[in-house]
Each structure stands twice: as C-alpha cells, then as structure tokens.
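Participant: Counting from 1, position 143 in the sequence shown corresponds to residue 143 in UniProt numbering; the numbering is continuous, with no gaps. Cβ coordinates follow ideal geometry from the N, Cα and C atoms, glycine included. Every value quoted in this text rests on a predicted model; they were computed, and no experiment measured them. Mind having a look at this structure? Questions to follow.
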Amino acid sequence: MPQPFIASKIPSSAAAVQANAGGHLHGCPVHDLRTKLRQAGLRPTRQRVALGWLLFAKGDRHITAEKLYEEATGARVAISLATVYNTLHQFTEAGLLREIAVDGSKTYFDTNLSNHHHFLVEDTNALVDIPGSHIEVSALPDAPPGMEIDRVDVIIRLRRK
C-alpha cells in the first residue's frame, strides 16, 4: 500500500534528491521548490508544494488537471479537483507553467516554458513538443490598437496511418 504523501517530507538533502526520479525541477534541486514558489509570488502551502513536486520532478511534461488530480490522489495527497485547477491556474499566472487549450474543450499545462510548438496525437490526446525553431510563422496580422502579440502557439494534429 502506498505511503501517504506528506509535503513536509519532500527530500531536502542532496543524497535524497539524487535518489528520487529526476531530482531536479528544470535545473532547480527539489529542495528549492519552496523557494521557487516564493520567487514566483506564491506562498508554498502544503498543497502547492505537493502538486509542484508531482508536476516538476518528472521533467518537461504536458498534463491535464484531471491527470494531475489522479496522480495526487494516487500519491495520497488530500486535495480536491477544484484545488488542482486553481493551483494550475495560479502556477500559470505566476509564470511556472504554460496553458495550452486544444479546441476549447481540453486544456493542458506544460512545464516546458521555452518557445516551442506541439504535435497532438489525436487518438491518444498526447501532446509532443516541437522545438520553436522548427516552425516559422510569418505574415501575422497586426494586433489591434493597444495590444501586442504575446506568443503564437501552433498545434499540428497527427493521426496514425
């Protein structure tokens, strides 16, 4: 039976970090997660730390709120789906995640903040990164007055032959 996840027991020693999968949060040691949250203007609550650990300890990934909730409950984190949604949106607003809306019906959260685009594998709904330098977007329309283009997200849909 899995042990309950207790955010205060996230490894802090270098040896413990090495023992965990990945051991880094985008180049940031796991024990610096609380610092990373504070620097982003977020209070490192137990739930934010627990979700941050689940999100970032595995490296770059695309995840839905429902999948993260499933992982959290599997790790015995006491949390509601609404709190997972709220936390993902807080992380996005703080610049820790990118939100990727697909067809307005499915939203993914991306831990890779670099300039890149995505393949969407339609039969599995999996997103796969495409480096930003591999796609050139030209002839963009002018932004409306008082606005500027922040970024362009390209999603290329794939289906199996």
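Between the Cα of H116 and the Cα atoms of R38, R159, A72 and V154, which residue gives the shortest distance?
Facilitator: Distances from the alpha-carbon of H116 to those of R38, R159, A72 and V154 put V154 closest.
Participant: Bridge partners for H116 per DSSP, in chain order?
Facilitator: P131
Participant: So is the beta-carbon of R159 under 7 Å away from any non-hydrogen atom of the ligand ATP?
Facilitator: Among the components modelled here there is no ligand, and therefore nothing to report on the ligand ATP.
Participant: Of the choices S80, Y69, L97 and F109, whose alpha-carbon is the least far from that of H62?
Facilitator: F109
Participant: Counting pairs of Cβ atoms below 8 Å between the segment 73-84 and the segment 118-125, do you hit three or more?
Facilitator: no
Participant: Look at T107 and R98 and say whether their C-beta atoms are less than 8 Å apart.
Facilitator: no
Participant: Mapping the DSSP letters down to three states, classify R98 as helix, strand or coil.
Facilitator: strand
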